[in-house]
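2 protein chains.
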Amino acid sequence: MRHATFRQLEIFEAIARHLSFTRAAETLHLTQPTVSMQMKKLADSVGEPLVHQTGKRIELTETGQALAVAARDIFTVLERFEDDMAARRGLRRGRLRLAAVTTASYFAPRLLGEFARRHPGIEVSLRVCNREQLIASLNEHLDELYILGTPPEDAALVARPFMENPLVAIAAPDHPLAGRHRIGLAELAEQPWLLRESGSGTRKAVEKLFAQRGITIHPRLELGSNEAIKQAVLAGLGISALSKQALDLHPTGQFAILDAEDCPVRRHWFIARPAGAPHSAAASAFERFLLDSRPTAGTTL
Amino acid sequence: MRHATFRQLEIFEAIARHLSFTRAAETLHLTQPTVSMQMKKLADSVGEPLVHQTGKRIELTETGQALAVAARDIFTVLERFEDDMAARRGLRRGRLRLAAVTTASYFAPRLLGEFARRHPGIEVSLRVCNREQLIASLNEHLDELYILGTPPEDAALVARPFMENPLVAIAAPDHPLAGRHRIGLAELAEQPWLLRESGSGTRKAVEKLFAQRGITIHPRLELGSNEAIKQAVLAGLGISALSKQALDLHPTGQFAILDAEDCPVRRHWFIARPAGAPHSAAASAFERFLLDSRPTAGTTL
DNA sequence: CCATTTCATAGAGAAAAGTCTATGCACTAT
DNA sequence: ATAGTGCATAGACTTTTCTCTATGAAATGG
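Chains as they are written, first to last, in our numbering: chain A, 29 to 329; chain B, 29 to 329.
Spelled out as structure tokens, the structure:
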């Protein structure tokens, strides 16, 4: 391991991202054989194979996965050092790689905007994906900070709640349930439901709501985005439940918020980072920003 | 920075530890000119000088300090990766570098023993120094975890309390104050005090106790260890205050515990790590061990 | 089953990394 | 002031890194 070079880690990280030697070579402006050669050397100094070729496809071995994590951590450390140096020269700068689940994109930009205003030198990037992908990214240390609903129990992460995230049941305004009071969960479950894809946090929350009563709901339609769900609800295709934030930009009355049992469901948004991973000053600043500027509800994980 | 090598960082880290090129060369089995040469290259790729020679002495520039931190972080990441690989091969192993303030050495070994028993593969090392040195180490990322009394406000660290740490005032059993009830702080302050060196956490705690009442105490003797203080107290040279744990191994009655105002002072032991630094699985395990196995009192920082 | 895609191997050359010995220079301590 | 300590510089050598072009081999997908 002592004979590995930064360059090799850089190349390997590109491979891990693209899962392709050729693609990695392109992005780094190298030829493919160069990449192959370097990876051979890297695997030699690690002492174990890093990738596993099955036909055309390439996949990382477990060791490869771990090495990709280490490589990203090392680059985070180096970036932190360089930010530090820049700060000493008076240039306040930094980069913050952030990932958020789809639904968070309804409020995250406003937060980012305010943060960017207060920290002009910091360059913020936001990647949006669904909960499942986000947790995979987190385990791979792809980004520094992650915004998500309830964090998973099993993952190695540090998560803190920073904002309310109520889940509300909605229907079209002319739906028979609209205006009804204290709708029972059993009755609600009989409705045709419109749900996000599995892997979505919102879907998990809906399923959990009913699972507490031993009810399993069967979606009538499975839709890949909150916007698609809203369209379908307005088209009278069924009812659904969404994070309240997803409705913020709509005039009251456009959707009927159902007064059902246990609704709205009380949840929170969490800011998380992988346990044990290094993080930049910019990341610390953003965490502090979230936890200070918003009234936090609930306690630390 | 892309042209730096791991080797160069390794050499630089040795220099940062020894503050000497020659000494670094010796520990790495290199000649001194080799070290000089490598450092020149490293400084070139960083773009700024890393050390500053004033006569015989050498000191790190600010950039050098930051680079030493980065280098240690990188080695922590690599070690973590190697532990990970070993774990996958069935060898559960790992290293945990721990630092603790002097007074913690009265109970830390027992904790470490229990931890080592539960995690046989993990190699634990404990460095002992006073509070001031410990905080310096923490800022330099010299170790992964730190056990100390009340953590400083200004340092970039994550600290959590895991154990009570009462401060008790003591005197020789035949001291006039022994057996007296509710001794006033003013009267206590008039006694000849035996204090630890400045830079000690225990000393700071004593000073703070009196400072709350606007009293400044002047030590009659300044002693470099808790053991020396105990000896002096028994010799009738004065009174002092120590962490209760420092008295654990002594039979009751050997020292008189004074029933003074605000005593015992309620404090806690904290487990801390530098913010933003990577840490190994072993370190996470130790943190969890401390926080789970002991009844924690108080809340997160 | 053939064209295409993808990674591996071979051979080769320039650059750099990494180390040494020998020596010079600057400051310190006695 | 003189010896000693500690880093810098010069010159030289070997090894490794890093990259290329050209070509081979394996698997896939229409």
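From the three backbone atoms N, C-alpha and C, an ideal C-beta is built for every residue, glycine too.
Query - Cut-off 6 angstroms between Cβ atoms - residues of its own chain near L318/A, not counting five sequence neighbours on either side - result: F190, I299
Requested in this report: Give the residues of chain B in contact with I39/A, contact being defined as C-beta atoms less than 9 angstroms apart.
Outcome: Going along chain B, no residue has its Cβ under 9 angstroms from I39/A, so there is no contact; the nearest lies around 12 angstroms.
Query - C-beta contact flag for A206/A and A284/A at 8 angstroms - result: yes
**Report entry** Contacting residues, own chain, Cβ-Cβ under 6 angstroms from R100/B (five flanking each side not counted)
**Finding:** H169
Requested in this report: For D320/B, decide whether its Cβ has a neighbour in chain A, counting only Cβ atoms nearer than 8 angstroms.
Outcome: no
Query - 8 angstroms Cβ cutoff met for A214/B and A269/B - result: no
**Report entry** chain B contacts from the region 87 to 115 of chain A (Cβ-Cβ distance under 8 angstroms)
**Finding:** E90, T91, A94, L95, V97, A98, D101, I102, V105, L106, R108, F109, E110, D112, M113
Query raised in the report: Are the beta-carbon atoms belonging to I273/A and T131/A less than 8 angstroms from one another?
Result: Before going further, note that residue 273/A is Gln rather than Ile in the sequence given. Contact: yes.
**Report entry** Between the CA atoms of I86/A and T324/A - distance to the nearest angstrom
**Finding:** Per-residue confidence for T324/A stands at a pLDDT of 43, beneath the threshold of 50, marking its modelled position as unreliable; the derived number appears in the next sentence. Roughly 44 angstroms between the two C-alpha positions.
Requested in this report: Could you check what DSSP says for R45/B in three-state terms: helix, strand or coil?
Outcome: helix
Query raised in the report: Is P77/B close to chain A, meaning its C-beta is less than 8 angstroms from at least one C-beta of that chain?
Result: no
Query - Chain-ordered neighbours of S308/A on chain B, where CB pairs are closer than 8 angstroms - result: G304
Query - Rounded separation between A44/A and I163/B - CA only - result: 38 angstroms
Query - Contact residues within the region 131 to 158 of chain B, judged by C-beta distance below 9 angstroms to chain A - result: none
Report task. Evaluate L173/B with the Cβ neighbour count: other Cβ atoms within 10 Å of its Cβ, from every protein chain shown; 16 or more gives buried, anything less gives exposed. Result -> buried
Query raised in the report: From the beta carbon of F34/B, is the nearest beta carbon of chain A less than 8 angstroms away?
Result: yes
Report task. Compare the Cα-Cα distances from M113/A to each of F103/B, Q219/B, G122/B, G92/B and report the closest residue. Result -> G92/B
Query raised in the report: Does DSSP classify T33/B as helix, strand or coil?
Result: coil
Query raised in the report: Is the region 102 to 113 of chain B in contact with the region 114 to 127 of chain A, if contact means three or more CB pairs nearer than 8 angstroms?
Result: no
Query raised in the report: Is it right to say S153/A is buried, meaning 16 or more other beta carbons lie within 10 angstroms of its own, or is it exposed?
Result: exposed
Query raised in the report: Since D108/A and A98/B are thought to touch, with beta carbons under 8 angstroms apart, how far apart are those beta carbons, to the nearest angstrom?
Result: Here the sequence assigns Arg to residue 108/A, which means Asp is not the residue at that position. Sure, about 7 angstroms apart at Cβ, within 8 angstroms.
Report task. Could you run through the region 60 to 84 of chain A and flag, in chain order, every residue whose CB is less than 9 angstroms away from some CB of chain B? Result -> V74, G75, E76
Report task. Write down the C-beta distance between P302/B and A184/B rounded to the nearest angstrom, noting that I regard them as a contact closer than 8 angstroms. Result -> 6 angstroms
Query raised in the report: Closest to T104/B by CA distance: which of E38/B, R146/B, A71/B, I211/B is it?
Result: E38/B
Query - Nonlocal neighbours in the same chain, by C-beta distance under 8 angstroms from R248/A, ignoring five residues either side - result: P220, W221, L222, L265, G266
Query raised in the report: Skipping 5 residues on each side, what residues in its chain have a beta carbon closer than 7 angstroms to that of S64/A?
Result: F49
**Report entry** Neighbouring residues, chain A, relative to S312/B (Cβ below 8 angstroms)
**Finding:** A184, A303, G304
Query raised in the report: CA-CA distance, R224/B and K84/B?
Result: 33 angstroms
Query - Beta-carbon gap between A32/B and I150/B smaller than 8 angstroms - result: no
Query raised in the report: Between R146/A, E142/A, L176/A, which lies nearest to R155/A when the distance is taken from Cα to Cα?
Result: L176/A
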